[in-house]
Each structure stands twice: as structure tokens, then as C-alpha cells.
Amino acid sequence: MLLTNHPRKAKTIMKLLVTGGAGYVGSVCATVLLEQGHDITIVDNFSTGNRDAVPANATLIEGDIRDVAGDVLAGGNFDGVVHFAARSLVGESMERPEDYWHHNFVTTLTLLDAMRNHGVTNLVFSSTAATYGEPDRVPITEDMPTAPTNPYGASKLAIDYAITSYAHAHGLGATSLRYFNVAGAYGSVGENREVETHLIPLVLQVALGHRDEIFIFGDDYPTKDGTCIRDYIHIKDLADAHVLALESNTPGTHRIFNLGSGDGYSVKEVIDKCREVTGHPIPVTMADRRAGDPAVLIASSARAKAELGWRPSRTDLDTIIADAWAFTAALGDHAHSAHRKP
Ligand code: UDP
């Protein structure tokens, strides 16, 4: 670790491995870490990531982290790892659970072993609200029961158990960050997936003219307008929490924090806000419920605020959607959705 008096934001510059750094969340976190002066190596196999999203001043290694973790960490003198590389589609995980156990659980175990073999003890792990399943009440705190309802959430929860035991037995210092609904854009990076399933980017694709309408999955939930309520968190606020976690991890300790804005918005409210921001009428069609969708998910991030000193600053839905729209509109015909109109 290099101590420096150079006028940078981070007091201690770290050499960090970022897995999945070509994905939406991974590339924004890599960008923010680079802005702080950290030295970033990205490993990505480009199964879902975008080459355009990889920050220019990061070192890029193309490959599957399961295959290259040992070699990369052996040669690198790394201070820490931020682990994003994963499969993350709930529906796909129901159809092909084996992909989620292999690519999420087995891959992470391989990474943990490589970290242990090469004396790297600082880990931030990208986790999810899906570890909680259907909560009894909201807001969701970290001490509430974990009962995932799909293999995606289960694979992420199993990894948390592995991390906790490695922390206790082998001195790993780790933080798992359980994201609620991440949205928005930062710099030149936003949501631009080949296969899009998330509400805000899909609605914005309608505004862009790349889709005809948005389907609302269920309007008979026990909520104020019958549609599901979610807690949307801005990607930059989310990235900031990763920096704080890396800076405060302690060997032998595994911390878990929920990350959300603490406010819930219904699907209809999100669509209305997108209409306001884009000026587009956004036609909707009511559809059946999507399997496995809980009615209401809202985070309590009190623990992250108290223990990490996390201070989210872009918590209103206007900012989140305006930033996402600026990114999507700028992509125009370069968006993955541009030539498909399902
Ligand atoms: N949703 C919807 N239509 C869509 C996509 C999503 O009504 O085309 C709903 C979905 O049922 C959920 C909310 O929007 O209640 C957020 O879904 P998303 O897939 O963005 O995130 P998730 O909550 O599943 O992580």
C-alpha cells in the first residue's frame, strides 16, 4: 500500500482488482475509484458487459475471473478486490439455476481462495435485496430474516455465508452491500444492456421510440395504486458506499449493509415521473404479475449511514430518472435496444 501526500481525495491509494468492471454497476464504481486516485485492474469476460463502459485509465484483463483469479492476484500486489462479476437475472436463475450456482457461488469461492493464497484481505462484495425474499415488514434492516425466493438471491446469500466463515477463520476483511433498485447514470455510464428487464431503462426505451409500450406487471398488489413499490438508489450514491467500505474493512470482520434511498415508489409513479422528465406519453398495458415479485421492498440504510458514514445525495426520483434519461437520450441509435421493437 502506497501512502501519499499528493493532493488526491483518497488518503491511502490502493491497488484494486474490480471483477465485472465492464458492467453497469462495476464500471461506475471503477470510475469513482479512479477519480479518488486508486489504481484499478478490471477483469471482465464481456458476457454481459460493454467495452465502451470500461474506464480508459483502468488496466483491462479480458477473461473469466474463475479462470484468471489465481494468476492475476499472484502477480499483482493487490490491496483489495471489489467483486461484481455475476449473473443477475431473477427469471433466468429460475430456469437455469446451475448457471447461478457455478457463475456466482463457485466463481466467488475460487476468488476467495485466490485472495487467501495471495494474502489479499480486503473485499467488497456486490450483493442484493433478493437475499431477503418477501419481507414481513419494511423498511428492511440487515437483522431481518433472509429467505430468498429464487436461485439468484440464494446464490448471493450462500456467498455471504462463505465470506463470513473466511473472515472468521482466515482473517478476511469484507463488506457485502445489498443493493435495492439501482438506477440513474454517472458520467458516460448508464444502463445499456443487451437483454434489458429493469423498469426504468425499459420505460426510457419507450420514450426513445425503441419500444411501443411498457407492460405493468400486476396492478392488484396490496399497495396504494395496486402496483409494486421499490426503493430506487442512484448509481453514484451506490458507488460511494463501495469506496467507504473498502477504506474501512477490518481483517476478521464481515459487515453487511443495505443500500437504498429509504423511499418507495410504485411502478405507476415511476412511469409518471418518466413522462414528466421525457415529455413522452409512454403508453402502458396492464399485464400479469411477474413470478417472484414482492409487493413492497424498501431499505433501511441506517446501518450504512451510522457505520460507514454513507451520505447519499441523489435520493430523489427526479434526479435518478433525469440522469438516466440524459444518458439514454444521448445513446440514441447506439443503444442496444435501437434495432429491436418487441
Ligand atoms: N416492472 C414492470 N414492467 C417491466 C419491468 C418491471 O411492471 O417491464 C416492475 C416489476 O414487476 C417490479 C418493478 O417494476 O415491481 C421493478 O422491477 P425491476 O425489474 O426494475 O427490478 P427488481 O425490483 O425486479 O429488482
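Under our numbering, residues 1 to 342 are what the sequence shown spells out, in order. All C-beta atoms in this analysis are idealised placements derived from N, C-alpha and C, irrespective of residue type, glycine included.
Distance cut-off 7 Å: residue i Cβ against heavy atoms of ligand 2
| i | result |
| --- | --- |
| H210 | Among the ligands in the structure shown, ligand 2 does not appear; only ligand 1 can be found there. |
Coil, strand or helix - residue i by DSSP
| i | result |
| --- | --- |
| R8 | The pLDDT assigned to R8 is 48, lower than 50, so where the model puts this residue is not dependable; a value taken from the coordinates is nonetheless given after this. It is coil, neither helix nor strand. |
| Y221 | coil |
| F366 | Here the chain comprises residues numbered 1 to 342, so residue 366 is not present and cannot be evaluated. |
| M1 | Because the pLDDT of M1 is 46, which lies under 50, any placement of that residue in the model is unreliable, and the question is left without a value. |
| A324 | helix |
| D44 | strand |
| N104 | helix |
| G132 | In the sequence as displayed, the identity of residue 132 is Tyr instead of Gly. Of the three classes helix, strand and coil, the one that applies to Y132 here is coil, per DSSP. |
| R289 | coil |
| I214 | strand |
| I65 | helix |
| H118 | coil |
| L331 | helix |
| S127 | strand |
| I263 | According to the sequence displayed, residue 263 carries Asp and not Ile. In the structure shown, D263 sits in coil (DSSP, three-state: anything other than H, G, I, E or B). |
| A338 | coil |
| V138 | coil |
| D39 | strand |
| R51 | helix |
| A56 | coil |
| R230 | strand |
| A299 | strand |
Closest residue to residue i among the options (Cα-Cα distance)
| i | options | result |
| --- | --- | --- |
| M144 | D113, T31 and R303 | R303 |
| D44 | A338, K305, A53 and I61 | I61 |
| G20 | P139, R275 and H83 | H83 |
| A329 | V18, L204, D318 and F78 | L204 |
| G262 | R275, P139 and D219 | P139 |
| I405 | E134, V124, G133 and F180 | In the structure as shown, the chain starts at 1 and stops at 342, and residue 405 therefore has no counterpart that could be examined. |
| F327 | A169, R87, R66 and A185 | A185 |
| E142 | K273, I256, L33 and A74 | I256 |
| P135 | D333, R116, A324 and G292 | G292 |
| A58 | A245, F78, L33 and S47 | L33 |
| I235 | R96, D323 and L308 | D323 |
| G332 | R314, Y179 and P201 | P201 |
| L177 | G226, V277, C29 and A295 | C29 |
| C274 | A295, Y179, G23 and L317 | L317 |
| H336 | A299, D288, G260 and T197 | T197 |
| T250 | G171, G26 and I282 | G171 |
| G75 | T285, V106 and M115 | M115 |
| H210 | P283, G63 and S248 | P283 |
| D212 | G264, H280 and N181 | H280 |
| T278 | V206, I42 and F215 | V206 |
| N258 | P312, V18, S300 and C228 | S300 |
| L157 | A183, E194 and F105 | F105 |
| Y179 | S88, G37, I42 and E247 | S88 |
| L308 | R137, S47 and T175 | T175 |
| I40 | A85, A306, M14 and S248 | M14 |
Residue i: first and last residue of the uninterrupted beta strand (DSSP E) it sits in
| i | result |
| --- | --- |
| A18 | According to the sequence displayed, residue 18 carries Val and not Ala. Element bounds for V18: K15 to T19. |
| V182 | N181 to A183 |
| L60 | T59 to E62 |
Element boundaries [alpha helix (DSSP H), containing residue i]
| i | result |
| --- | --- |
| V267 | V267 to T278 |
| M94 | V90 to E95 |
| I235 | I235 to S248 |
| L259 | First-last for L259: H254 to L259, but that is the beta strand (DSSP E), not the alpha helix (DSSP H). |
| T31 | Y24 to E35 |
Touching by the beta-carbon criterion (3+ pairs, under 8 Å), the region 253–272 and the region 145–155: no
The region 33–53 / the region 187–195 touching (three or more Cβ pairs under 8 Å): yes
Sufficient close CB pairs (3 or more, under 8 Å) joining the region 110–123 to the region 67–80: yes
Every unbroken beta strand (DSSP E) inside the region 142–210 [3 residues or more]: Positions of the beta strand (DSSP E) runs, each at least 3 residues long and wholly inside the region 142–210, are given as 173–179 and 181–183 in order along the chain.
Cβ contact (3+ pairs, closer than 8 Å) linking the region 119–133 and the region 96–107: no
Touching by the beta-carbon criterion (3+ pairs, under 8 Å), the region 156–172 and the region 225–241: A contact is defined here as three or more CB-CB pairs under 8 Å, and the region 156–172 fails this definition with respect to the region 225–241.
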